[in-house]
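Letter 78 of the sequence shown, counting from 1, is numbered 78 in the UniProt record's numbering, and no numbers are missing.
All C-beta atoms in this analysis are idealised placements derived from N, C-alpha and C, irrespective of residue type, glycine included.
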Amino acid sequence: MNFISERDIKIMRPLYSVEITETETARFEVEISEEDVHGNWKLKGESLRPSPDCEIKEEGTKHILILYNVPLGQAGQVDFQAANAKSNAHLRVKGRSLFITCLLNCIFI
Numbered sequence: 001m002n003f004i005s006e007r008d009i010k011i012m013r014p015l016y017s018v019e020i021t022e023t024e025t026a027r028f029e030v031e032i033s034e035e036d037v038h039g040n041w042k043l044k045g046e047s048l049r050p051s052p053d054c055e056i057k058e059e060g061t062k063h064i065l066i067l068y069n070v071p072l073g074q075a076g077q078v079d080f081q082a083a084n085a086k087s088n089a090h091l092r093v094k095g096r097s098l099f100i101t102c103l104l105n106c107i108f109i
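What follows is the structure, encoded as structure tokens:
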């Protein structure tokens, strides 16, 4: 009798939280124990798919998520799962500092 069991995938290097300023790029990287295992990424519980602002790469055992031009409201938990292996981290997005300068006109009376 043959039994087929699911591979026991382990997290070798977990995700780490990232803090950026809005409109910057956020990069998350996780490494698992085996190649040729596809992973799934989520941000705030929503599955992520490749788009102009979201790049998902697999390089051997490394899985990489790159978020471009991140808006303030995109902050939240980032989750990665490949088979039974899971890791999560937080994306923190700070507002941009605004410096308002104006010229004062000289008034002569």
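Three-state secondary structure (DSSP) of residue i
i: Leu43; result: strand
i: Leu67; result: strand
i: Gly95; result: coil
i: Gly76; result: strand
i: Glu55; result: strand
Among the options, nearest to residue i - alpha-carbon criterion
i: Thr25; options: Asn88, Cys54, Pro14, Ile11; result: Cys54
i: Val37; options: Tyr68, Gly60, Gly76, Ala75; result: Gly60
i: Thr21; options: Phe80, Pro14, Leu67; result: Leu67
i: Ser97; options: Leu48, Ile9, Leu72, Ala85; result: Leu72
i: Ser87; options: Arg7, Lys57, Glu6, Pro14; result: Pro14
i: Ala82; options: Gln74, His63, Arg27; result: His63
Close-in-space but distant-in-sequence residues of the same chain around residue i (CB under 8 Å, 5 per side omitted)
i: Met12; result: Glu31, Ile32, Ser33, Thr61
The ligand ATP heavy atom lying under 6 Å from the CB of residue i
i: Arg92; result: Annotation note on the ligand ATP: not contained in the displayed structure, which lists no ligands.
Sequence-distant residues of its chain with Cβ nearer than 6 Å to residue i (five each side left out)
i: Asn69; result: Thr23, Asp53
i: Lys94; result: Thr21
i: Glu19; result: Arg92
Alpha-carbon to alpha-carbon, residue j and residue i
i: Leu65; j: Leu91; result: 12 Å
i: Gly76; j: Lys44; result: 5 Å
i: Ser51; j: Ile9; result: 27 Å
i: Glu6; j: Gln74; result: 34 Å
i: Leu48; j: Asp79; result: 10 Å
i: Lys42; j: Glu35; result: 20 Å
i: Ile56; j: Tyr16; result: 16 Å
Cut-off 7 Å between Cβ atoms - residues of its own chain near residue i, not counting five sequence neighbours on either side
i: Ala85; result: Ile9, Lys10, Ile11, Ile32
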